[in-house]
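Structure first, commentary second.
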Amino acid sequence: MSKHSPTSPPINESPRNRSFGLQIGHLHRLWRASITSVVQPLDMTESRWTAMVHLSKLGEGCSPRALANELAIEMPSLTRTLNQLQEHGLIERRQHPSDKRSQCLWFTPKGRDRLTELNHYIHAVREAFYQGVTDEELEAVSDTLTRMENNAKRWLTHVDNEEDQP
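Rendered as structure tokens:
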């Protein structure tokens, strides 16, 4: 009789057969939930803090569309979040200098202060997650994930190009 059910993974599973995607996805959800939990005193929801962090990453003056693409969300969802951030006095929308139809996103002074606070909390969560993991191990994981991400992008480009062929 087998020691595992047909749907459970074999006990001596090869690393190439493991579902790293599920494991990475689970860790990502835990990471975001942990940050959301610790930033509650700042009145920051997950959608708010992620928008602020990604706006900082992209750089002030980016378009809402660029931020939506970075966050991999639809514009209506982002618009709701941007409205909330603006109502809280954390960001402002300004007309694009050369395209009056477009808007650019900027932090207010209060928003920059809040971003500093957010980064403090995010750093604390990161350090908690890194407990017992050496810098060398973190570097190896980062390098591996970067290679896997690049492979995924190449794969998607290949698949998309095949679909375009008659």
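The numbering used here puts the first residue of the sequence shown at 176, with every later residue one more than the last.
Positions of the beta carbon are idealized from the N, C-alpha and C atoms, including for glycine.
The beta carbon of residue 232 lies closer than 8 Å to those of 245 in the same chain, with the five residues before and after it left out. Contact check for residue 278 and residue 287: beta-carbon distance about 19 Å, past the 8 Å limit, so the pair fails to qualify. Residue 263 and residue 230 have their C-alpha atoms some 16 Å from each other. Just measuring C-alpha positions, the residue of 275, 306, 285 and 258 sitting nearest residue 222 is 258.
In the structure shown, residue 248 falls within a coil segment according to DSSP collapsed to helix, strand and coil. Fully enclosed beta strand (DSSP E) runs of no fewer than 3 residues are not present anywhere in the region 284-318. Linking residue 271 to residue 192 through their CA atoms gives a straight-line distance of about 49 Å. With respect to the 8 Å criterion, residue 300 and residue 209 are classified as neighbours on the basis of their beta carbons.
The Cβ atoms of residue 243 and residue 250 sit closer than 8 Å to each other. Shortest Cα-Cα distance from residue 280 to any of 265, 197, 294 and 303 involves 265.
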